[in-house]
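Worksheet: the structure to be examined is printed underneath.
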Amino acid sequence: MASGSFRNGGPKLPSKLDRQPSSAAYSTPKPSSKSRPSAVPASRRGGSVAPAAAHSASKAGGDAGVPGRVRVAVRLRPRNAEEMIADADFADCVELQPELKRLKLRKNNWESETYEFDEVLTEFASQKRVYEVVAKPVVEFAVYLLDAASSSSHALNVSTLRHNPFLSVLEGYNGTVMAYGQTGTGKTFTLGRLGEEDTAARGIMVRAMEDILGDTSPETDPVSVSYLQDLLVPANDNIAIVEDPKTGDVSLPGVTSVELRDQKSFMELLRLGEAHRFAANTKLNTESSRSHAILIVHVKRSVKGRHDADQSFHGENGTSSTMVTSFRPPIVRKSKLVVVDLAGSERIDKSGSEGHTLEEAKSINLSLSALGKCINALAENSPHVPVRDSKLTRLLRDSFGGSARTSLVVTIGPSPRHRGETSSTIMFGQRAMKVENMVKLKEEFDYKSLCRRLDIELDKLIAENERQRKDFEDEIERIRTEADNHIAEAERSYTNALENERLKCQQDYMDSIKKLEEKWMSDVEKARLEHQDACLEKACNKEAPTSSSDEIAEVRQLLQTEKLMRQSSEDEVSNLKSEVSHWKNLEAAGNAEIMKLRKMLDSEANQKQKLEEEIAILKSQLLQLSLQADETRRSLDRGGSGKVLTGFDSLVSQARHSQLRDSANGPKASIAKLFEQVGLQKILSLLESEDPDVRVHAVKVVANLAAEEANQEKIVEAGGLTSLLMLLRSSEDETIRRVAAGAIANLAMNETNQELIMAQGGITLLSITAADAEDPQTLRMVAGAIANLCGNDKLQMRLSGEGGIKALLGMVRCGHPDVLAQVARGIANFAKCESRASTQGNKVGVSLLIEDGALPWIVKNANHEASPIRRHIELALCHLAQHEVNAKDMIREGALWELVRISRDCSREDIRMLAHRTLISSPTFQAELRRLRIEF
Ligand SMILES: Nc1ncnc2c1ncn2[C@@H]1O[C@H](COP(=O)(O)OP(=O)(O)OP(=O)(O)O)[C@@H](O)[C@H]1O
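Okay, so the sequence shown: first residue is 1 according to full-length UniProt numbering, each after it adds one.
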């Protein structure tokens, strides 16, 4: 109800006499045979805009609107039980002509008034039919269109409808369905019947909702409803009714709206509403509801298809790219269906309302009369429409004179007793038919949806871009591979061609050479034949007395040349002869020199022998003197005169005298004499003397005797070795142990003795002595003894096992070069024997020297300043290196460097060569040298 705006340009209401209601057409009043008022101006008649036109005119809510008159149907309720009785003798106050859409209201038996409505629904009209003609065109159009089309008597209406069949809620237009009528005439029956027991009885609300839910998808098209009752109850005064100043849309922000997903939930909602609906008995209708019941259904639909159509349109005309049009936001249509079950329209005094309900009735009547005034004003194009007079009119502002499509059903009863009310209702309907709305599409841009779509579009484009990029890269890769193949193919062809050319040249060359050779051979043969012929000819000529003087001259020349050559050869021979005689002279002189040197050598040897003999004599004398001096000192210590001779003295004395006597025969002879005169057993028995001095002297004598190889066997046979070992074990005198060790060392030069020493635990005793001794000379003797043992092939394992090597290494602590030399000798002996055993296959595994920890010392002293030590160690290293099994340990301990040094710098060629050979033949050393990048 647009306030202050006259929307209906139709003529004034008809007079009572020819009150021919306006057209039965929906959008355009139907022309009547009588002079009938037209609800729509002529200029607008038939001017309903087709949906497509409406759409194009509407730019997301910018719709100018389509004229649409309020559509009014009248429905007659059948006589109820009470009327059957009360009005039994009376005819109905109305007579219906549904096919003419006319209603006759009887004034009396002979007079009646005829009214036309858009639809006239008799008491027999089914609920389905009522829905289809009253509400369906507002909700949707299809069925009604078919029904209308099937009625030939309404051809004009149908044609009009076909021009404008889409102005429905489901197409984005607001719609209102309203029932107006006296209490008990069937408003609630028409609109609000739930039809739970009999589905045929379902009213407009239920059917409309079925259609809406059936045509929408809960996922994309949200549908929400508000069920509003008691709007006029004073307690609900605070319910705000808000009107959008731009669109004219009316809303109730304070009212709860429930989103619906199915019909079932709607039915529950209605049931709940019905239960709450305030109802009070009135005289007229025991089920009468005093309040208005209003159902508001909000439908939001996104427009499908139109966007695509727009796109194709742009595409065809080439006025806009697809990309640009795809940014056009989608359109969403928001529409609203309002179903209003008004309270009864009867007058208060008739309804019999009292007390509390009286107030209600006043309020209801006030709102209904306000609605009537508004409709009157609209129907009469009055400049002022009193919309603000009541909540109801404010709420229905959009439905009358607004932008909604409105369908009104007026309900009447047949009873002549309520003729006045019926007449009043009919007149309300007649006036409402004159009200014209400007039906507008409720569209707006759906930017959220556009955003979502653009996001998806963007993702698609990115994916497409990536796919294209990948295709591009694949293509590049393919081309590159192809190019590589071509290049490789070209290279192969080129190489083949080159090779063919080379072979061809080679062949040509060979052919040329062959030809040249053949030519040369033939030339030679030819020359030989010519020469032969020439010789033959020459021979013939010689025999022939007719030889020419030229040829004689040539022969002479040849002869001369021959002579010269012979002369030269003779000179050469003579020169060679003189050279030979010169060398012969030189040789004779050399021989004389050699003879002279030999003589000198012999003389030197004689001299040396004499000196050695003298040394032996002197040594013997020294021994005698020493013995004598010791004895003298001892007797002096005992307080004697020094003349007391013990058995030993007499022994020594005898030996001395004997020695002096035989001094002319040399030391060896004197010692042998001593042996014979004193007796070995006697000497050895003195080793066990209780007198330590005697023991010292005795051991010295035995040591001297043992120094002679000839005595060694006898000493051992006589038990001398055992006695000496006993001394090592038992004597605490360092001198005795030193001399005994020296004697053992001498005896240990013999292989048999070596085994005896080992058998008698000699190595253990020597090791103990080595550990205890401090005197370097003692250590030298012990080391010498062990070193000798180290030279025995059979004793290797035992020597190592019984600690001999470790004892040897322990002695280096004193640092004395004599001791170190013996240690080095022992190690070299051991290494040599072990190497031999390994070579023969008698020894496997790493060297016992390495196992006993000798390698670090060996490496450290390999370049010792004292040459005897250095030489022994160098030899030991070479022996160790000959066996691959030792190589890794040697490398780890740094022996490789020493071997390299030995192979380069050792002054002894045999050792140098040995080291060199060893390094070359060892794969491990070779690998390490390569790794260290040492040129070898
Ligand atoms: N067309 C019809 N056919 C059969 N019965 C009907 C019809 N219309 C109404 N009635 C019956 O008439 C009675 C009154 O109907 P209803 O309550 O719908 O009237 P109302 O106009 O809504 O009254 P109120 O204004 O007091 O609410 C109900 O019993 C209903 O069943």
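By construction, the Cβ of each residue, glycine as well, lies at the ideal position given by its N, Cα and C atoms.
Annotated three-state conformation of Ile239 is coil, per DSSP. Taking C-beta atoms as the reference points, Lys336 and Asn109 fail to come closer than 8 Å. Distance check between Met178 and each of Ala200, Glu491, Val138 places Val138 closest, using alpha-carbon atoms only.
Ranking Leu342, Gly742, Arg729 by CA distance to the CA of Val701 puts Gly742 first. The alpha-carbon of Glu774 is positioned some 24 Å away from that of Leu721. In the DSSP assignment, Phe830 falls outside any beta strand (DSSP E) and within the unbroken alpha helix (DSSP H) covering 817-840. If you look at Thr778, you'll find it in the alpha helix (DSSP H) that goes 776-790. DSSP places Ile934 outside both helix and strand once states are collapsed to three, so it counts as coil. Contact annotation: Pro386 and Lys373 have beta-carbon atoms nearer than 8 Å. The C-alpha of Val694 is placed about 14 Å away from the C-alpha of Arg737. The beta strand (DSSP E) runs lying completely inside the segment 68-156 and spanning 3 residues or more are 71-76, 94-97, 102-106, 112-116, 119-121, given in chain order. Counted as a single uninterrupted DSSP element, the stretch harbouring Leu408 is not any alpha helix (DSSP H) but the beta strand (DSSP E) occupying residues 405-412. DSSP, read as helix, strand or coil, puts Gly181 in strand. By the Cβ-count criterion, Pro253 is exposed, with fewer than 16 other Cβ atoms from all chains shown falling within 10 Å of its own Cβ. Taking a contact to require three or more Cβ pairs closer than 8 Å, the segment 849-864 and the segment 886-906 qualify as touching.
Relative to ligand 1, even the nearest heavy atom lies 7 Å or more away from the CB of Thr256. C-alpha of Tyr131 to C-alpha of Ile456: approximately 43 Å in a straight line. Using a cutoff of 7 Å, the CB of Gly372 does not count as near ligand 1, since none of the ligand's heavy atoms is closer than that. By the CB criterion at 8 Å, Ile786 and Leu808 fall inside the cutoff. Less than 8 Å separates the beta-carbon of Val410 from that of Phe428. For Glu83, the distance from the CB to the nearest heavy atom of ligand 1 is not below 7 Å. In this structure, Ala745 sits near Gly784, with a CB-CB distance shorter than 8 Å. Inter-segment contact for the segment 863-881 and the segment 820-833 is present: three or more beta-carbon pairs are separated by less than 8 Å. With fewer than 16 neighbouring CB atoms inside 10 Å of its own CB, Ile920 falls in the exposed class.
When Cβ pairs closer than 8 Å are counted between the two stretches, the segment 722-735 is seen to touch the segment 695-714, the count reaching three or more. Counting every other CB atom within 10 Å of its CB across the protein chains shown gives Val580 a total below 16, marking it as exposed. It is roughly 57 Å from the alpha-carbon of Ile552 to the alpha-carbon of Leu503. Here DSSP, grouped into helix, strand and coil, assigns Met510 to helix. Measuring C-alpha to C-alpha distances from Ile364 to each of Lys107, Glu884, Ser291, Leu228 identifies Ser291 as the nearest.
For Lys246, there is no enclosing alpha helix (DSSP H), as DSSP gives it neither H nor E.
Distance from the CA of Val339 to the CA of Ala135, rounded to the nearest whole angstrom, comes to 9 Å. By the neighbour-count definition (other C-beta atoms within 10 Å, threshold 16), Val332 is a buried residue.
Counting along the chain, the unbroken alpha helix (DSSP H) around Gln681 starts and ends at 680-686. Residue range 895-905 is occupied by the alpha helix (DSSP H) that includes Arg901. With contact defined as three or more Cβ pairs closer than 8 Å, the segment 80-97 and the segment 463-473 are not in contact.
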